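Engineer:
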Amino acid sequence: MKKYIIILCLIIATISCSKEDVERFSSQRQLFFPNENGQDTVNISFSHYPGQNTLKVPFVLSLIGPTPSEDLEYKVSVVDSLTTAITGDYELPTSPIFRKERTSDTLWITLHKEKLEEKSYLLKIQIEGNSNFIVGYHDKQQAQLRYNNIISCPLWWDEVIETEYLGIYSKEKYDAFILVTGEVSLENKEPWEKRELCLQLKKAIEASLADDDPNNDIKEANGSPMIIPCY
């Protein structure tokens, strides 16, 4: 009988410890970068933001655990061994804050264009634990930012944009789009907005060819017509 009592006590003690561990774990706050592939990557080119010498890039952070009732400081650091970005070209907030009553917040990284060379740079960051937060999902603790000032086709200029709206990308066409519409992107635009902006460019191209001054013609670099498929 004594043996069974000892076994029962051990079981109760184990259950009690497990319950305490769960309660302690569930009361701790954890931060992570929400993403599907285990690594959150953002690609930015200053060439897609004419006239901008500084860009602010957002990274979303998600929370596991109790929603904070007050603003809490968290910690993010640069992974030097995997970073090619040059100090001074970027800025991280020294004391980032996860705002109260939220389950997600945004970390903003500032990029500067002035000293960028004609190549791509990589900035890798990671979340670190502090007195307010512990490290969350192991495979979602790092994020990376690739940036450059190299002229290239914007990511939003995809197959749909090429087929239905703006046609094949060229630097001249993109420059004309920005000059005529005042926009730098069709991203997050409704279909009717995209159509309206593309028709605005199309009409400007037609008007430039209709006047008597060839210097005003909006054409491709080789002098060929600039084709806009939108109608």
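Every number in this note's numbering is 8 more than the matching position in the sequence shown, counting from 1.
Where a beta carbon is used, it is the ideal one built from N, C-alpha and C, also for glycine.
These figures come from a predicted structure and were not determined experimentally.
(1) Mark Leu153 as exposed unless 16 or more other C-beta atoms lie within 10 angstroms of its C-beta, in which case mark it buried.
(2) In terms of alpha-carbon separation, which member of Ser160, Asp147, Pro66 lies closest to Thr114?
(3) For Asp48, which of helix, strand or coil comes out of DSSP?
(4) Whole angstroms are fine: how far does the CA of Arg203 sit from the CA of Asn156?
(5) What's the C-alpha gap between Val86 and Phe40?
(6) By the DSSP assignment, the beta strand (DSSP E) with Pro66 in it spans what residues?
(7) So, helix, strand or coil for Val188, using DSSP?
(8) Once you ignore the five residues that flank Asn224 on each side, which residues in its own chain have a CB closer than 7 Å to its CB?
(9) Note the first and the last residue of the continuous beta strand (DSSP E) segment covering Leu115.
(10) Mind checking which residues open and close the beta strand (DSSP E) that includes Arg154?
(11) Check whether the Cβ atoms of Gly73 and Gln134 sit closer than 7 Å, and answer yes or no.
Structural biologist: Well, looking at it:
(1) buried
(2) Pro66
(3) strand
(4) 30 Å
(5) 15 Å
(6) 62 to 72
(7) helix
(8) Ser216
(9) 112 to 120
(10) 150 to 156
(11) no
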